[in-house]
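Residue numbers (this note's numbering): 40 to 655.
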């Protein structure tokens, strides 16, 4: 009896599991759609599955005979049939598998003429392209599908007439300078105003920024917007940009429009792009033998006597006579191509995952991206994680909510450089080719220690103070990290019936929070200076925070005229407010006790300190 009961329970359990699995399978629905006037089947009728919130799960179209087939997700949903010139039909699915649908004609006009005008967004109100008299150019990101670009400024290179984009350097994340209307300006710089979905995209500048001594790279801001999230870029080039934004638009406007959700079933998109780059072939360089020969000839031409500098002589006895030892002789008996030593193939990996969909009331789009790029110079790497979410919700035909949320984290490993120092490639071009990368013993074999020219050398200071570029790339560090979060809430409401009189209110509030960290460390092994020198075991640390709140309230009124092609009028009023808060703190120490203790809190000599806080 117990065995029979156990078998019976197992059988019931299997039936329940199979029933649940079958319930999760999609339901095959078929049917025919025909017209009520001639009983003929209707071709290309749109058939969609809707839930109670109007969300679309699946769709199909009828064939030449009006037949259709569709796999539905749930029996609780409904089928909607729509066709031009016929009334829309909605039928609950229930337990039906076949639908015989009759559509009634609702033709009320013999002929309908539909006119559409493309508009131009100036960052405030849309203006008909026909009525816009300014200089404007659009660029669609569809033109560069499949091309890997790290930022917006790279995407615009050479694609907008009159837009000058100059990259500050070849280093990763070095930024660029963009100019629409030349180099002259009525304000502090000639950069154009950048808008993101018609909202100013702020470049946060802390209180330590020196406008008098800043170079172009310090002005530049690497846009953290992923190019895969951009739909279109509009550039306004002339003085018409000042009509809305005043002096802020005097240098032109670059308006970036991001992608939005679309009506339809949920779609998932993933892309991966791989690309490589290398240093262009530069100026041919002398090897060690050619360099020392040239320097000895230059010395003779100037002094009319043989060169007596041991580092150029290839004479071990001359080293011993000058310095009391010949241990450095082998270190100046090399043929080193320093440019090749610091160069590599740079690889770029770009991953993008996006999800989009929506129904009649709500549309959404969410995307995530990971961008990794190694530089063509050793020691450089850029990592960027980005996320963007857009949600459009129509509460009614007159009320609409829009929310946007973006987050970006950037981690940039750069080659160490002082505020007034050369970058790694400049050092490589200047470095003597007869010196070696590693210190060599008396037998000429490399050791594990990087070689730097001794301070008692008879060479000039330009060479003695020139650090080993490979040692800088491998041992020194410069890490910059940035976290930026930007949530935005928009509201749109038609105060009057748009079909009778256009009076629309639009408003938004945007929060822009950015946290930045900047850390540098220069270890003892990169220089031959004494342990108490200010450049030995040197550490720098800076943290800054910026918070901006932007608000805008505007009203647009456009009365209806009998002949809009002859008479048109638009009145626009806007009230804007922004509040900002910036603060930073920085420290600098040297003489840290160990190359392992790189943190600014380690013991050492405090050589610099600064902090400030501003409100605006």
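Backbone N, C-alpha and C define an ideal beta-carbon position, used for all residues, glycine too.
Bear in mind that the values here come from a model prediction, so they are computed numbers and not experimental data.
Exercise. Helix, strand or coil: how does DSSP classify residue 59 here?
Worked result: Because residue 59 carries a pLDDT of 44, less than 50, the predicted location of this residue cannot be relied on, and the following value inherits that uncertainty. Correct three-state label for residue 59: helix.
For this session: Using the Cα positions of residue 381 and residue 466, report the straight-line distance between them to the nearest angstrom.
Result: When rounded, the distance between both Cα atoms is 10 Å.
Exercise. When the Cβ atoms of the region 567–575 are set against those of the region 628–648, are three or more pairs found closer than 8 Å?
Worked result: Output reads yes: the region 628–648 touches the region 567–575.
Exercise. Are the region 372–391 and the region 284–295 in contact at 8 Å, needing three or more beta carbon pairs?
Worked result: Contact between the region 372–391 and the region 284–295 is absent, with fewer than three C-beta pairs closer than 8 Å.
Exercise. If you pair each beta-carbon of the region 461–481 with each one of the region 520–531, do three or more pairs fall below 8 Å?
Worked result: No, they do not touch.
Exercise. Taking buried to mean at least 16 other C-beta atoms within 10 Å of its own C-beta, is residue 332 buried or exposed?
Worked result: Exposed, since its Cβ has fewer than 16 Cβ neighbours within 10 Å.
For this session: Report all residues from its chain with a CB closer than 6 Å to the CB of residue 413; omit the five preceding and five following residues, and keep chain order.
Result: Taken in chain order, the residues that qualify are 385, 386, 420.
Problem set entry | Secondary structure of residue 335, DSSP reduced to three states | Here residue 335 sits in helix by DSSP.
For this session: Tell me the start and end of each unbroken beta strand (DSSP E) in the region 491–544 that is at least 3 residues and wholly inside, in chain order.
Result: As far as the region 491–544 is concerned, its whole beta strand (DSSP E) runs of at least 3 residues are 516–533.
Exercise. Can you give the Cα-Cα distance for residue 654 and residue 241, rounded to whole angstroms?
Worked result: In this structure, the alpha-carbon of residue 654 lies about 15 Å from that of residue 241.
Problem set entry | Sub-9 Å separation of residue 105 and residue 65 beta-carbons | Result no, Cβ atoms of residue 105 and residue 65 do not sit closer than 9 Å.
Problem set entry | Length-filtered (3 minimum) beta strand (DSSP E) runs lying within the region 371–444 | Taking only runs of at least 3 residues, the beta strand (DSSP E) segments lying wholly in the region 371–444 are 385–397, 401–413, 420–433.
Problem set entry | Proximity of residue 408 and residue 602 at Cβ, strictly below 9 Å | Contact flag unset, no.
For this session: Helix, strand or coil for residue 570, going by three-state DSSP, please let me know.
Result: DSSP places residue 570 in coil when its eight states are reduced to three.
Problem set entry | residue 605 to residue 84 span [Cα, whole Å] | Computed Cα separation, rounded: 38 Å.
Problem set entry | residue 95 in three-state terms, based on DSSP | The answer is strand: DSSP assigns residue 95 an E or B state.
For this session: Quickly, what does DSSP pair residue 644 with across the bridge? List them, please.
Result: BP columns for residue 644 point to 629.
For this session: Would you check if there are 3 or more beta carbon pairs closer than 8 Å linking the region 422–441 to the region 392–402?
Result: Touching, yes, given that three or more Cβ pairs across the two stretches are closer than 8 Å.
For this session: Give the DSSP-derived three-state secondary structure of residue 593 in the structure shown.
Result: In the structure shown, residue 593 sits in a strand (DSSP, three-state: E or B).
Problem set entry | Rounded separation between residue 100 and residue 453 - CA only | Answer to the nearest angstrom: the Cα atoms are 56 Å apart.
For this session: Report buried or exposed for residue 642, applying the criterion of at least 16 other Cβ atoms within 10 angstroms of its Cβ.
Result: Taking every protein chain shown into account, the CB of residue 642 has fewer than 16 other CB atoms within 10 angstroms, so this residue is exposed.
For this session: Measure from the alpha carbon of residue 556 to the alpha carbon of each residue in 582, 624, 436, 324, then state which is nearest.
Result: Closest option to residue 556, Cα to Cα, is 582.
Exercise. Which word fits residue 230, buried or exposed, when buried means at least 16 other C-beta atoms lie within 10 angstroms of its C-beta?
Worked result: Per the 10 Å Cβ criterion, buried.
For this session: Report yes or no: do the region 488–500 and the region 347–363 share at least 3 C-beta pairs separated by less than 8 Å?
Result: Segments in contact, yes.
Exercise. With distances taken between CB atoms, is the gap from residue 271 to residue 178 smaller than 9 Å?
Worked result: In this structure, residue 178 lies closer than 9 Å to residue 271 by Cβ.
For this session: Return the CA-CA distance between residue 644 and residue 463, expressed in angstroms with no decimal places.
Result: Their backbone Cα atoms lie some 27 Å apart in a straight line.
Problem set entry | Completely contained alpha helix (DSSP H) runs for the region 291–361, where each covers 4 or more residues | DSSP assignment within the region 291–361 yields the following whole alpha helix (DSSP H) runs of 4 residues or more, N-terminal first: 327–342.
For this session: Go ahead and label residue 539 buried or exposed: buried means 16 or more other beta carbons lie within 10 angstroms of its beta carbon, across all protein chains shown.
Result: Burial call: exposed.
Exercise. Given a threshold of 16 other Cβ atoms within 10 Å of its Cβ, counted over all protein chains shown, does residue 391 qualify as buried or as exposed?
Worked result: Buried, by the Cβ-count rule.
For this session: For residue 488, collect the residues of the same chain with a Cβ closer than 6 Å to its Cβ; drop the 5 residues on either side in sequence, then sort them by chain order.
Result: For residue 488, same chain residues with a beta-carbon under 6 Å away, outside a window of 5 residues either side, are 478 in chain order.
For this session: In angstroms with no decimal places, state the Cα-to-Cα distance between residue 535 and residue 597.
Result: Cα-Cα distance, rounded: 11 Å.
Exercise. Anyone know if the C-beta pair for residue 308 and residue 447 falls short of 9 Å?
Worked result: No, the Cβ-Cβ distance between residue 308 and residue 447 is not below 9 Å.
For this session: Would you mind sorting residue 130 into buried or exposed? The rule is 16 or more other CB atoms within 10 Å of its CB.
Result: Exposed.
Problem set entry | Contact check, residue 563 vs residue 634, beta carbons under 9 Å | A contact, by the Cβ cut-off of 9 Å.
Exercise. Between which two residues does the beta strand (DSSP E) carrying residue 489 extend?
Worked result: In the DSSP assignment, residue 489 falls within the unbroken beta strand (DSSP E) covering 485–489.
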